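*Asks:*
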Amino acid sequence: MSSTLLQTRSRIKGKKPTFTRQESHRKARVGHEWRKPRGMHSKMRLHVRGKKRSPTPGWGSPREVEGLHPSGLRPVLAATLQQIDSIKEGEGAVIAATVGMRKRVALVEHARKKNITVLNVRDAGAFLKSVSEQMAQRKAARKRPKAAPKKEGKQEEKKEDARKAEHKEEHKEEQKEKKEQKGDNGQKPPAQGAGKLTEEEQKKKDKEEQDKLLTKRL
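Heads up, the sequence shown is in the working numbering, so the first residue is 4 and it goes up one at a time.
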């Protein structure tokens, strides 16, 4: 009886259209989730031919198989071993998405022992095998010794450091020699053009000398 009802449900669902909100295909601000049209002149509310369809009796699933899995089992959410133990005949386990991999493996193994179908795992045996292989690969990767750094690279780094140190010492010696030379001279070397006088200064100087001569004669 249930198998024929499931077939009927699949046939109805295959023909059922997607019910979307009015004007959702035209305006981006209008979501696609179904909302009942309430406009006075709404063609969709009036069921005008050629407009979008609205939910009406006849598109729903048969009440006996409503909410069932395609296999005919009623899904029950399970996240612990106690919840799997509480599953009855005609029900199937759906492992919660928040459950980690290790706990998921334990739940699948426990369900296999109890002959309980896990609805969100296609093949329990293949799943357990793939997980065990992944775990083994991770353990092998952890146990692998880390590759030792090459000696050549270290030697090159040491050479580079020695070169830098030599360059610094040479620079310090040059600076020291320059300071000593400045100390011997006592004064900084005169800037270029410091001894030269401008035309106006030269004229003033000549005039002062002439004045001195005149005063001496008097």
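Positions of the beta carbon are idealized from the N, C-alpha and C atoms, including for glycine. Predicted, not measured: the structure shown is a model, and the values here were computed from it.
Can you tell me whether L71 is buried or exposed, with buried defined as 16 or more other CB within 10 angstroms of its CB?
*Replies:* Here residue 71 refers to the residue found at position 68 when the sequence shown is read from its first residue. L71 should be labelled buried.
*Asks:* Counting only the same chain and skipping the five closest in sequence on each side, list residues whose C-beta sits under 7 Å from that of G93.
*Replies:* One-based indexing of the sequence shown puts residue 93 at position 90. Around G93: L76, R77.
*Asks:* Which stretch, first to last residue, makes up the alpha helix (DSSP H) that contains L131?
*Replies:* Stepping through the sequence shown from its first residue, residue 131 is reached at position 128. Where L131 is concerned, the enclosing alpha helix (DSSP H) stretches over 127–146.
*Asks:* Go ahead and label R107 buried or exposed: buried means 16 or more other beta carbons lie within 10 angstroms of its beta carbon, across all protein chains shown.
*Replies:* The count along the sequence shown starts at 1 and reaches residue 107 at position 104. It counts as buried.
*Asks:* Buried or exposed: where does V68 fall if 16 or more other Cβ atoms within 10 Å of its Cβ makes it buried?
*Replies:* Position 65 of the sequence shown, counted from the start, is the residue given in the question as residue 68. The residue is buried, with at least 16 neighbouring Cβ atoms inside 10 Å.
*Asks:* Quick check: L84 and L110, are their CB atoms within less than 8 Å of each other?
*Replies:* Working through the sequence shown from its first residue, we reach residue 84 at position 81. Working through the sequence shown from its first residue, we reach residue 110 at position 107. Less than 8 Å divides the Cβ of L84 from the Cβ of L110.
*Asks:* Pick helix, strand or coil for V108, following the three-state DSSP scheme.
*Replies:* Taking the sequence shown and counting its residues from 1, one reaches residue 108 at position 105. In this structure, DSSP gives V108 a helical state, which the three-state scheme calls helix.
*Asks:* Apart from the five residues just before and just after E180, which ones in its own chain have a Cβ nearer than 7 Å to its Cβ?
*Replies:* Translated into the one-based positions of the sequence shown, residue 180 becomes position 177. So the list is empty, once near-sequence residues are dropped.
*Asks:* With DSSP run on the structure shown, which of helix, strand or coil describes I98?
*Replies:* Locating residue 98 in the sequence shown gives position 95, counting from the first residue. Three-state DSSP puts I98 in a strand.
*Asks:* Just mark A96 as buried or exposed, buried being the case when its beta carbon has 16 or more other beta carbons within 10 Å.
*Replies:* Translated into the one-based positions of the sequence shown, residue 96 becomes position 93. The residue in question, A96, is buried, as its Cβ has 16 or more Cβ neighbours within 10 Å.
*Asks:* What distance in whole Å lies between the Cβ atoms of G34 and R24, which are believed to be in contact at a cut-off of 8 Å?
*Replies:* Position 21 of the sequence shown holds residue 24. Position 31 of the sequence shown holds residue 34. About 6 Å; that satisfies the 8 Å criterion.
*Asks:* Considering just the uninterrupted stretch of the alpha helix (DSSP H) at R12, what are its terminal residues?
*Replies:* On the sequence shown, residue 12 is found 9 positions in, with the first residue counted as 1. From DSSP, the alpha helix (DSSP H) with R12 extends over 5–18.
*Asks:* DSSP has P58 in a bridge; who is on the other side?
*Replies:* Position 55 of the sequence shown holds residue 58. Answer is none; P58 lacks a bridge partner.
*Asks:* Going straight from the alpha carbon of Q205 to that of E169, what length do you get?
*Replies:* Numbered from 1 along the sequence shown, position 202 holds the residue referred to as residue 205. Numbered from 1 along the sequence shown, position 166 holds the residue referred to as residue 169. Spanning the two alpha carbons is a distance of roughly 54 Å.
*Asks:* Who are the near neighbours of T11 in its chain, counting only those whose CB is closer than 7 Å to its CB and skipping five residues on each side?
*Replies:* Numbered from its first residue, the sequence shown carries residue 11 at position 8. Closer than 7 Å at Cβ, skipping near neighbours: P65.
*Asks:* Report the CB separation of I87 from I119 in whole angstroms; it is logged as a contact under 8 Å.
*Replies:* Stepping through the sequence shown from its first residue, residue 87 is reached at position 84. Stepping through the sequence shown from its first residue, residue 119 is reached at position 116. Going by Cβ atoms, the distance from I87 to I119 rounds to 6 Å, so yes, they are a contact pair.
*Asks:* Going along the chain, which residues of its own chain have a beta-carbon closer than 8 Å to the beta-carbon of A144, five neighbours each way excluded?
*Replies:* Here residue 144 refers to the residue found at position 141 of the sequence shown. Closer than 8 Å at the Cβ level, and outside the excluded window around A144, lies no residue.
*Asks:* Using the C-alpha atoms, what's the distance from L8 back to F22?
*Replies:* Within the sequence shown, numbered from 1, the residue matching residue 22 stands at position 19. Within the sequence shown, numbered from 1, the residue matching residue 8 stands at position 5. Roughly 23 Å between the two C-alpha positions.
*Asks:* For A114, is the classification buried or exposed, using 16 other Cβ atoms within 10 angstroms of its Cβ as the cut-off for buried?
*Replies:* Numbered from 1 along the sequence shown, position 111 holds the residue referred to as residue 114. A114 is buried by the Cβ-count criterion.
*Asks:* Exposed or buried, V124, counting other C-beta atoms within 10 Å across all chains shown (16 or more means buried)?
*Replies:* Within the sequence shown, residue 124 is the residue found at index 121, counting from 1. Flag for V124 reads buried.
*Asks:* Rounded C-beta distance between I90 and V79? I'm assuming under 8 Å.
*Replies:* Start at 1 with the first residue of the sequence shown, and residue 90 comes out as number 87. Start at 1 with the first residue of the sequence shown, and residue 79 comes out as number 76. Yes, I90 and V79 are in contact; Cβ-Cβ is about 5 Å, under 8 Å.
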